[in-house]
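Novice:
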Amino acid sequence: MGGFHVSRVRAVLWKELLDLRKNRGLLLSLLVLPAMLVVVPIGTVFAYASNPDDPNLRTMALFYDPNLPLQASAAGFLIEKILVDWFGMFLVMPIFVPILISSQAVAGEKERRTIEPLLASPITAVELVAGKSLASLVPAVAISWLAFAAFCAGVDAVSWHFLKVVVMPTPMWLFGVGVIAPLFAFFGNGIAVVISARVAEARLAQQIAGVCVLPVVGLVALQIAGVLRAGAQFYALQGAVVLVLDVLLLVAAVRLFDRERLISRWM
Amino acid sequence: MASLAIDARGLSKAFGERPAVEGLSFQVQEGEVFGLLGPNGAGKTTTVRMLTGLLQPSSGDATVLGLDVRTGAERLRRAVGLLTEQPGLYDRLTAEENLRYFIKLNELDEPAAWARARRYLERFGLGGREREPAGSYSKGMRQKLAIVRAIVHEPKVIFLDEPTSGLDPEAARTVRDAVAELASEGRTIILCSHNLPEVERLCARVGVVKGKLLAVSTVRALRRQGAAVAVRVEGEAARFAEAVKALPFAPGALADGEVLTVSLERDQDMPEVIAALVRAGARVYSAVPAERPLEEVYLDLVKGGDA
Numbered sequence: 095m096g097g098f099h100v101s102r103v104r105a106v107l108w109k110e111l112l113d114l115r116k117n118r119g120l121l122l123s124l125l126v127l128p129a130m131l132v133v134v135p136i137g138t139v140f141a142y143a144s145n146p147d148d149p150n151l152r153t154m155a156l157f158y159d160p161n162l163p164l165q166a167s168a169a170g171f172l173i174e175k176i177l178v179d180w181f182g183m184f185l186v187m188p189i190f191v192p193i194l195i196s197s198q199a200v201a202g203e204k205e206r207r208t209i210e211p212l213l214a215s216p217i218t219a220v221e222l223v224a225g226k227s228l229a230s231l232v233p234a235v236a237i238s239w240l241a242f243a244a245f246c247a248g249v250d251a252v253s254w255h256f257l258k259v260v261v262m263p264t265p266m267w268l269f270g271v272g273v274i275a276p277l278f279a280f281f282g283n284g285i286a287v288v289i290s291a292r293v294a295e296a297r298l299a300q301q302i303a304g305v306c307v308l309p310v311v312g313l314v315a316l317q318i319a320g321v322l323r324a325g326a327q328f329y330a331l332q333g334a335v336v337l338v339l340d341v342l343l344l345v346a347a348v349r350l351f352d353r354e355r356l357i358s359r360w361m
Numbered sequence: 127m128a129s130l131a132i133d134a135r136g137l138s139k140a141f142g143e144r145p146a147v148e149g150l151s152f153q154v155q156e157g158e159v160f161g162l163l164g165p166n167g168a169g170k171t172t173t174v175r176m177l178t179g180l181l182q183p184s185s186g187d188a189t190v191l192g193l194d195v196r197t198g199a200e201r202l203r204r205a206v207g208l209l210t211e212q213p214g215l216y217d218r219l220t221a222e223e224n225l226r227y228f229i230k231l232n233e234l235d236e237p238a239a240w241a242r243a244r245r246y247l248e249r250f251g252l253g254g255r256e257r258e259p260a261g262s263y264s265k266g267m268r269q270k271l272a273i274v275r276a277i278v279h280e281p282k283v284i285f286l287d288e289p290t291s292g293l294d295p296e297a298a299r300t301v302r303d304a305v306a307e308l309a310s311e312g313r314t315i316i317l318c319s320h321n322l323p324e325v326e327r328l329c330a331r332v333g334v335v336k337g338k339l340l341a342v343s344t345v346r347a348l349r350r351q352g353a354a355v356a357v358r359v360e361g362e363a364a365r366f367a368e369a370v371k372a373l374p375f376a377p378g379a380l381a382d383g384e385v386l387t388v389s390l391e392r393d394q395d396m397p398e399v400i401a402a403l404v405r406a407g408a409r410v411y412s413a414v415p416a417e418r419p420l421e422e423v424y425l426d427l428v429k430g431g432d433a
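Read top to bottom, the protein sequences are chains A and B. With the first sequence counted from 1, adding 94 to any position gets you this note's numbering. With the second sequence counted from 1, adding 126 to any position gets you this note's numbering.
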């Protein structure tokens, strides 16, 4: 009777994905960010590759690397740079998508007063957190991977005539999107679940969770500004830190999903 | 002989320093329809939440169907059904999807449980509308759907928290009929309400709560508390109610057509009541002992609970 029941986790996952499919507003907002994160770099690479002799490109390249050899292609350098830097930006996607979904799934239950009947069912806090988390992680990772596939195809298509090599995916991107992106998705989900358990409205939860993940966005901004030189090692370290945070957030989320706390505080 | 469905002994709950209910002790037999009466904020919902395993009591004990509310909460939630004050439906999901979700959460045999749910939907007048989003349902339909959700796992004990609250008279009636049907199937029903006619119609026994239990009794016995007399006068009895209420011992007076039901603390005051009516110009045809209206008994109890 007690213990962890996978069937109940599946039930929550089933309902959440069904609800997500019917929530057109949320679906639309889920697609906007990935679309931007795919279209913007493809457009930038296209701009570099289609006009590689533009003298402005060398000026930009020298800003990032004053020692860039004269015979080196500025366009090639900038394409390589944006493909490294954009990785950090790309990681914003697996963080924000779960925030959007989990805030609706958790704080939304309180907002719509559906949480009491749910808590009156036999489901345990761990099962509920697991079901809700999977329901935001699965779409987040799926969207990230699909966006990554579109990103690789787009970058290779627009850069081929200039570079004559397939530049994407690189091992760093494969590792990042395959391993670090799910960890980041877990992080975004954990933040959203923890905050959603403490506030009454989904929108408020989204805003607060968004603020909480701003430091990650800040790191990306530092990379793009040339202040921070991020590479595979940096991202591996970032992934390890996020993994630790994921575990802590999971424990906090389960504690906050205590029936007594949710009912006495919010109902 | 029926066994106990609910046995509460000194059940108390405090939120921080603020006590919500204190020392509730009552029993409910299997198959009984028991009303939990009380004003808003009296602790009815808190009591139900403790008895359904949603809240842990601060002190005291209770068993529901023999399951301890402290240690057997998960099994308890499987065994009881709860209709919350707000229906709490997923508006984007259809009625069928709402019900299937709870069928899955209760780990029921899905085809059998869904067939049962469809029978309930038919019975409550929702047949053929199961593919419509719950958000498109009227208030009464939503409440009936929430009732089906609360009973889809065939609980022996059903807690109904303000089932007709906020409904129009027609919707309230259909929900009351649904509750009466469930009661006729021999289920134990705990009905929380401050709708006295509803409680009077559906419940055999009631408990009056206001932070603590003020009374537990059959409706009939409650109505017999204190003396009451039904005085039949010529014309509208309401014209004389004020004259009676103005008497020094301030009896309660409730008019219904030609009959004025007067509540008294002592039988000896009855001649004074008749004299006051005659002084006010009433032509009195008869004066017979009567049961007090439940509303009056309830208000007396609740007022007393403030003291």
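Glycine residues also receive a C-beta, built at the ideal position from the N, C-alpha and C atoms.
Over what stretch of residues does the alpha helix (DSSP H) that includes ALA224 of chain A continue unbroken?
Specialist: Element bounds for ALA224 of chain A: 219-257.
Novice: Can you tell which of B:VAL345, B:GLY207, B:ALA221 and B:VAL283 has its C-alpha closest to the C-alpha of ALA330 of chain B?
Specialist: Closest by alpha carbon: B:VAL345.
Novice: Determine whether the beta carbon atoms of LEU201 of chain A and ALA299 of chain A lie at a separation below 7 Å.
Specialist: Position check: residue 201 of chain A holds Ala in this sequence, whereas Leu was assumed. Result yes, Cβ atoms of ALA201 of chain A and ALA299 of chain A sit closer than 7 Å.
Novice: Quick check: the Cα distance between LEU131 of chain A and GLU223 of chain B, rounded to an integer number of angstroms?
Specialist: Going from the Cα of LEU131 of chain A to the Cα of GLU223 of chain B covers about 35 Å.
Novice: Between GLY142 of chain B and chain A, is any beta-carbon pair separated by less than 7 Å?
Specialist: No, its Cβ sits nowhere closer than 7 Å to a Cβ of chain A.
Novice: Specify whether the segment 260-273 of chain A and the segment 153-161 of chain A touch according to this definition: at least 3 beta carbon pairs, one from each stretch, less than 8 Å apart.
Specialist: These segments do not touch.
Novice: Which of the three DSSP states is assigned to PHE366 of chain B in this structure?
Specialist: Of the three classes helix, strand and coil, the one that applies to PHE366 of chain B here is helix, per DSSP.
Novice: Check each candidate in B:PHE366, B:TYR216 and B:ALA376 and name the one with the smallest Cα separation from ALA406 of chain B.
Specialist: That would be B:PHE366, whose Cα lies nearest to the Cα of ALA406 of chain B.
Novice: Along chain A, which residues have their Cβ under 7 Å away from the Cβ of ARG175 of chain B?
Specialist: Under the 7 Å cutoff, chain A gives ILE357.
Novice: Could you please give me the residues that DSSP links to ASP187 of chain B through a beta bridge?
Specialist: Per DSSP, B:ARG135.
Novice: Quick one: which chain B residues come within Cβ less than 9 Å of GLU205 of chain A?
Specialist: Within 9 Å Cβ-Cβ: nothing; GLU205 of chain A doesn't reach chain B, min ~11 Å.
Novice: Since GLU148 of chain B is in the beta strand (DSSP E), which residue starts that stretch and which ends it?
Specialist: Where GLU148 of chain B is concerned, the enclosing beta strand (DSSP E) stretches over 144-155.
Novice: Please classify GLU418 of chain B: does DSSP put it in a helix, a strand, or coil?
Specialist: Residue identity check: residue 418 of chain B is Arg in the sequence provided, not Glu. Reduced to three states, the DSSP call for ARG418 of chain B is coil.
Novice: Is it a yes or a no for the segment 192-212 of chain A touching the segment 207-219 of chain B, going by three-plus beta-carbon pairs under 8 Å?
Specialist: Yes, since at least three Cβ pairs between the segment 192-212 of chain A and the segment 207-219 of chain B fall closer than 8 Å, the two stretches touch.
Novice: Would you kindly check if the distance between the Cβ of PRO165 of chain B and the Cβ of VAL428 of chain B is under 7 Å?
Specialist: Going by C-beta atoms, VAL428 of chain B is nearer than 7 Å to PRO165 of chain B.
Novice: So with CB distances below 7 Å, who are the chain B contacts of GLU354 of chain A?
Specialist: Going along chain B in sequence order, the residues near GLU354 of chain A (Cβ under 7 Å) are LEU181 and GLN182.
Novice: Less than 7 Å between CB atoms is the rule here; does THR210 of chain B satisfy it with respect to chain A?
Specialist: Yes, its Cβ sits closer than 7 Å to a Cβ of chain A.
Novice: Let me see if you follow: with CB-CB separation under 7 Å, is GLU295 of chain A close to chain B or not?
Specialist: GLU295 of chain A does not count as touching chain B.
Novice: Please state whether DSSP places SER123 of chain A in a helix, a strand or coil.
Specialist: SER123 of chain A: helix per DSSP, three-state reduction.
Novice: Three or more beta-carbon pairs under 8 Å between the segment 210-221 of chain A and the segment 198-206 of chain B, yes or no?
Specialist: As far as the Cβ criterion goes, the segment 210-221 of chain A touches the segment 198-206 of chain B, which means the pair count is three or higher.
Novice: Closer than 7 Å by C-beta to GLU203 of chain A: which residues in its own chain qualify, once you throw out the five before and the five after it? Chain order, please.
Specialist: Hits under 7 Å: ILE209 and LEU212.
Novice: Do you know offhand how far GLU158 of chain B's Cα is from LEU193 of chain B's?
Specialist: Rounded to whole angstroms, GLU158 of chain B to LEU193 of chain B spans 18 Å at the Cα level.
Novice: Which ranges would you report for the alpha helix (DSSP H) in the segment 140-209 of chain A if only whole runs of at least 4 residues count?
Specialist: Those alpha helix (DSSP H) runs which fall completely within the segment 140-209 of chain A and span 4+ residues are 149-158, 168-184 and 186-205.
Novice: Whole angstroms are fine: how far does the CA of GLU417 of chain B sit from the CA of ALA356 of chain B?
Specialist: Straight-line Cα distance between these residues: approximately 8 Å.
Novice: Could you say which of A:GLN198, A:VAL133 and A:ARG102 lies nearest to LEU114 of chain A if we only look at CA atoms?
Specialist: Ranking the options by Cα distance to LEU114 of chain A, first place goes to A:GLN198.
Novice: In whole angstroms, what separates the C-alpha of ALA304 of chain B from that of VAL336 of chain A?
Specialist: If you take the alpha carbons of ALA304 of chain B and VAL336 of chain A, they lie about 53 Å apart.
Novice: For GLY161 of chain B, does the count of other Cβ atoms within 10 angstroms reach 16, so buried, or fall short, so exposed?
Specialist: Per the 10 Å Cβ criterion, buried.
Novice: Could you tell me whether the Cβ atoms of ALA364 of chain B and ALA381 of chain B are closer together than 7 Å?
Specialist: Yes, they are a contact pair.
Novice: With 9 Å as the C-beta to C-beta threshold (strictly closer), list the residues of the segment 102-113 of chain A near chain B in chain order.
Specialist: Of all residues in the segment 102-113 of chain A, ARG102, ARG104, ALA105, VAL106, TRP108, LYS109, LEU112 and ASP113 have a Cβ within less than 9 Å of some Cβ in chain B.
Novice: Which bits of chain B does SER197 of chain A rub up against, with CB to CB less than 7 Å?
Specialist: Within 7 Å Cβ-Cβ: nothing; SER197 of chain A doesn't reach chain B, min ~16 Å.
Novice: Please name the residue in A:TRP180, A:MET154, A:ALA169 and A:ALA129 whose C-alpha comes closest to that of ASN145 of chain A.
Specialist: Checked all of A:TRP180, A:MET154, A:ALA169 and A:ALA129; the closest Cα to ASN145 of chain A is A:ALA169.
Novice: Three or more C-beta pairs under 8 Å: does that hold for the segment 281-291 of chain A against the segment 342-349 of chain A?
Specialist: Counting Cβ pairs under 8 Å, three or more are found: they touch.
Novice: Compute the distance between the beta-carbons of LYS139 of chain B and ALA105 of chain A, then report whether it is under 7 Å.
Specialist: No. Outside cutoff.
Novice: Give me the Cβ distance between VAL195 of chain B and PRO183 of chain B, rounded to the nearest whole Å; I'm assuming they're in contact under 8 Å.
Specialist: Indeed they touch by this definition, with Cβ atoms about 7 Å apart.
Novice: Listing by chain order, which chain B residues have their CB less than 8 Å from the CB of HIS99 of chain A?
Specialist: The answer, in chain order, is GLU233.
Novice: I'd like to check one pair, LEU163 of chain B with VAL334 of chain B: are the Cβ atoms closer than 7 Å?
Specialist: Yes, the Cβ-Cβ distance between VAL334 of chain B and LEU163 of chain B is below 7 Å.
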